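Student: Would you mind keeping the following structure in view while I ask a few things?
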Amino acid sequence: MVTGRSLDPQWKPSCDLEIPSQPGNELAAVRAITQSLQPYQINERKLEQMKTAIAEATMNAMEHGNHYQVADPVRLQLQVGSGQVIIRVMDHGDINSIPLPDFPDIDAKLAGKQSARGWGMFLIRHMVDEMREYAEGGYHITELIWYCDLV
């Protein structure tokens, strides 16, 4: 996890949407962002990594940040350009109250010594080129960053 601000100080999202904080709505977030990325010829493997990271980050925002309060939607913003794709997943959680996740240990999980949950942040970190978390404008923000050739 890197804490910091957006790479581009002139942040101008090319897609900005809100998703109600309800289980399953991460799929709507993935569809909306994927549709916005259609004009770009992004490598299929990287696109699949993006989908996984977006879904996991959105689920985390709905559950841990917004506590599945429908009145608190998850906001997603997409910025494409300068050889990078940046997706900001924004919730109403307090960045200071979010615990650092344990590194998943499959043996400990199978033995019941570690919760079966807790794979989200692990997956996200392995699907992005860079990740940042910070607070801004009343939101807890998880910024997912990929470096890629954009056509």
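Numbering (this note's numbering), first residue to last: -15 to 135.
Built from N, CA and C at the ideal position, the CB exists for glycine as well.
Here the structure is a predicted model, which means the values were calculated and not measured.
Can you give the Cα-Cα distance for A137 and Q61, rounded to whole angstroms?
Tutor: The structure shown does not extend to residue 137, since the chain is modelled only from -15 through 135, so no value can be given for it.
Student: In angstroms with no decimal places, state the Cα-to-Cα distance between R72 and A95.
Tutor: If I take the Cα positions, the gap works out to 36 angstroms.
Student: Nearest CA to the CA of Q33: which residue from V69, H124 and I125?
Tutor: Of the listed residues, the one whose Cα sits closest to Q33 is V69.
Student: If you compare alpha carbons, which of D75, P57, L107 and G65 is closest to I26?
Tutor: Checked all of D75, P57, L107 and G65; the closest Cα to I26 is G65.
Student: Indicate whether D113 and I129 have their beta-carbon atoms separated by less than 8 angstroms.
Tutor: It is a contact, given that the beta carbons lie within the stated cut-off.
Student: How big is the Cα-Cα spacing for V14 and K35?
Tutor: One C-alpha to the other measures close to 6 angstroms.
Student: Taking the beta carbon of G136 as the centre, do at least 16 other beta carbons fall within 10 Å, making it buried, or is it exposed?
Tutor: Look at the range of the chain in this structure, -15 to 135, and you will see that residue 136 is not part of it.
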